[in-house]
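Single-structure report; data block below.
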Amino acid sequence: MIKFETFSGIVAPLDRSNVDTDAIIPKEYLKSIKRTGFGKNLFDAWRYLNNQDLKSKNSERELNPDFILNKSPYNNAEILLARENFGCGSSREHAVWALSDFGFKAVLAPSFGDIFYSNSFKNGFLPIRLKTSDIDILFNTTQMIPGFKVTINLEDQHIETQDKKKFIFKIDINLKNRLLEGLDDIAITLEHSDAIKIYENSRVKVVPWLFKDI
Amino acid sequence: MKTLYDKLWDDHVVHAFNDDTFLIYIDRHLIHEVTSAQAFEGLKLAHRKLWRVDTNLAVPDHNVPTKNREVIDDPISKIQLETLDENCKDTGITKFDMFDPRQGIVHVIGPEQGASLPGMTIVCGDSHTSTNGALGALAFGIGTSDVEHVLATQCLVLKKDKNMLININGEIPKGISAKDIILSIIGKIGTAGATGYAIEFAGDVINSLSMEGRMTICNMSIEAGSRVGLVAVDDTTLDYVEGRPYAPKDNWQQAVDYWQELKSDNGAIFDKVVEIDATKIEPQVTWGTSPEMVISVNQAIPNPSESDNAIKREGINNALNYMDLEPGMRFDEIKIDKVFIGSCTNSRIEDLRAAAAIVKGKKVSKDIKLAMVVPGSGLIKRQAEDEGLAKIFIDSGFEWRDPGCSMCLGMNPDQLQPGERCASTSNRNFEGRQGPGGRTHLASPSMTAAAAIAGHFVDIREFCDD
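Structure follows, in structure tokens:
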């Protein structure tokens, strides 16, 4: 996984609450067996006018001119600004893959769906919880100033806007380090292989039926 | 003094990291075709082996057609199903294929086979894994990276949730089912009401509910934001588990002794407690595009101007617009196009019995374009046929299909067309969930069955008296 570094990016405001993972990437587009290529169908139902069209290539489909990510400069946005409970619903990691594939590196919201939040960190993607009042300020500013940029500094856990406002955020230390160092979760766990074996050896004595073959 | 969740958690801690995250051992991993391919690919690329092959169980469900499954028209669905076949073959994972009578929706077959047992940690790359919590198991949905993590290590790195108790007491009124209970809870606490919490459902009502009903309730915990829904083990649980194919036999008594401890201690502290008066629950129907947008069947469609919060008003307006509804409308003036009885929420035998009891001797309204019943597994299908339920549905004008996720999410040929309105026993009424532009109203099996007969939702309590 690549390391998460401090960066400045354009903020795209998506002014809706409870944006579910079905909306982020509709199930029609979950059928790939790869992790890439989902970006073109990110927010598909809102992004294209004819969202029932599964036959045409995406490049031939008519874009909804009113949707934020179809407008310049937001088509180059790297930070998504959202309302509460972003990423609720289905566990599909494809939602994170689609956001990443589009070019987003982070999403700012007051709260997130639990599984989406956890999936994000497995993909070098940063979900940031901010106070609702901070999110309100960012919505006001980004809606007034198209192309408004902020800098995300994960190391110091703050966001700095182009007009020099600073917002602090909280994050678990382990999650933060995994992103900063681009660590492989499985490799970290496998360092504890002995502990897993010890657990299994003691557990099988208590609950032997759980160690029978399926 | 520990809660049930605390006990399940403590029993599975392998290692505590230096912050508040833990390495948690996973006893059972259920696999389906949509969220596993990339995980197997990741293992191959890293040259990693499975930690424990024998604890995984795979089944195709999301993409499988519910009729004529010999031919799969969609080439991409076909690739996903074939990829699952290959991955299971390469690794030695047990899989029920599409033509196996044990095949069905992953969350239905886990308990049905005894592959999901009390006291286990159970994961699956699907958010409705919470269904299995009805057995007194710690069961939750995970993303594909975690699927890979479990395959490689049999563990997950997790942070412990907070404890929430939802107490449901009082006599359940006639016509009210587990689905109405959970929908009304979601309506009350909201779709993020339990985010960050593990919910334990308790009280007289839960004690008297069947396992099927408990599964319906735990299934939709995620619709209230919680990954985990739990019910304590009691005699109902033990009676359900005994004799199932993968349930312990030689160790049965040892297992029972262990399982009987799987309840919250008296005086255990919950971070949040919600009290529900079951006597006040009315038949529930969702009107909007989030499961929290739910009202009693006799209530009018809400008016956004009655909300004091600008974001909520906007949400209601968006939902009304998408659902093509006006404030003040009543359900008897909202015509239904299609009816779906199925999904991991409501496709078990008890659900089919409840729906069949309503439609017996009656005909599906001529205004309904398609009414279908999709049993949760091949075994449920067979049982329903043996009990004569299939004949009741077919005589009424329902299509009687083969098991799968079907129109709950429309990754297979069962989909709504744009603008179509569906009465559905499934779990999500999100925009486009049942097909692009489709409109979903969630309700109980009996309410949905009655809607098929009337052509619109009706109050099941009055329908019963006819």
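Those sequence lines, one after another, are chains A and B.
Note that the first sequence covers residues 297 to 510 in this note's numbering.
Note that the second sequence covers residues 685 to 1150 in this note's numbering.
Built from N, CA and C at the ideal position, the CB exists for glycine as well.
The beta carbon of C839 (chain B) sits closer than 8 Å to some beta carbon of chain A. Contacts with chain B at 8 Å (Cβ-Cβ) include V503 (chain A). Going by DSSP, N360 (chain A) is part of no alpha helix (DSSP H) at all; its letter is neither H nor E.
Excluding the 5 residues flanking it on each side, K401 (chain A) has same chain C-beta neighbours closer than 6 Å at E374, in chain order. Think of a sphere of 7 Å around the beta carbon of H699 (chain B): the chain A residues whose beta carbon falls inside it are H488, A491, in chain order.
Using a C-beta cut-off of 8 Å, the segment 875 to 882 of chain B makes no contact with the segment 985 to 995 of chain B, since fewer than three inter-stretch Cβ pairs fall below that distance.
Listed along chain B, no residue sits closer than 8 Å to N354 (chain A) by beta-carbon distance, the nearest being about 14 Å off. Residue-level contact by beta carbon fails for S498 (chain A) and chain B, as no gap is shorter than 8 Å. Here V917 (chain B) carries a coil assignment [DSSP, helix/strand/coil]. Here T973 (chain B) really is in contact with A1003 (chain B); their C-beta atoms are around 5 Å apart, less than 8 Å.
Every unbroken stretch of the beta strand (DSSP E) spanning 3 or more residues and falling wholly within the segment 1084 to 1140 of chain B is given here in chain order: 1105 to 1108, 1123 to 1126.
Separation of E976 (chain B) and G871 (chain B) (C-alpha to C-alpha, rounded to the nearest whole angstrom) is 4 Å. Following the DSSP letters along the chain, one finds V790 (chain B) inside the alpha helix (DSSP H) bounded by residues 790 to 797.
Put simply, of B:L822, B:I869, B:F783 the residue whose alpha carbon is nearest the alpha carbon of K691 (chain B) is B:L822. Residue burial is scored here from C-beta neighbours: S429 (chain A) has fewer than 16 other C-beta atoms within 10 angstroms and is therefore classed as exposed. Between F334 (chain A) and W393 (chain A), the CB-CB gap stays under 8 Å. Among the residues facing chain A, L922 (chain B) is not included, as its CB has no counterpart in that chain under 8 Å away. For the segment 730 to 752 of chain B, the beta-carbon criterion of a distance under 9 Å to any beta-carbon of chain A is satisfied by A730, R732, W735, R736, V737, D738, T739, N740, L741, H746, N747. When beta bridges are read from the DSSP output, S980 (chain B) appears opposite B:Q968. Using a CB distance cut-off of 8 Å, R379 (chain A) counts as an interface residue toward chain B. Distance from the Cα of D1051 (chain B) is smallest, within the candidate group B:G1026, B:G1072, B:I1020, B:V958, for B:I1020. Pairwise C-beta distances place the segment 351 to 366 of chain A out of contact with the segment 849 to 866 of chain B, as fewer than three of them are shorter than 8 Å. The bridge partners DSSP lists for E884 (chain B) are B:L849, B:L914.
Put simply, of B:V748, B:P749, B:L842 the residue whose alpha carbon is nearest the alpha carbon of F706 (chain B) is B:L842. Against I482 (chain A), the close residues of chain B are A730, R732, E832, H833, A836, T837, in the order they occur along the chain (beta-carbon pairs closer than 8 Å). Between the alpha carbons of A721 (chain B) and A1138 (chain B) lies a distance of about 43 Å. Counting only residues of its own chain and dropping the five nearest sequence neighbours on each side, G827 (chain B) has a CB closer than 8 Å to the CB of T719, G809.
For R331 (chain A), the C-beta contacts it makes with chain B under 7 Å involve Q722, in order along the chain. Using a Cβ-Cβ cut-off of 9 Å, K1047 (chain B) is close to nothing in chain A; its nearest Cβ partner there is about 31 Å away. Between the alpha carbons of E477 (chain A) and I298 (chain A) lies a gap of roughly 8 Å. Residue A:L426 holds the alpha-carbon nearest to the alpha-carbon of I464 (chain A) among A:T438, A:Q439, A:G443, A:L426.
Contact with chain B is found for A341 (chain A), since one of that chain's Cβ atoms lies less than 8 Å from the residue's Cβ.
Residue A:P322 holds the alpha-carbon nearest to the alpha-carbon of A391 (chain A) among A:P322, A:K461, A:F300.
Judged by DSSP secondary structure, R425 (chain A) falls outside any alpha helix (DSSP H) and instead within the beta strand (DSSP E) spanning 422 to 425.
Interface with chain A (8 Å Cβ-Cβ cutoff): P1120 (chain B) is included. Counting only residues of its own chain and dropping the five nearest sequence neighbours on each side, N372 (chain A) has a CB closer than 8 Å to the CB of I306, G399.
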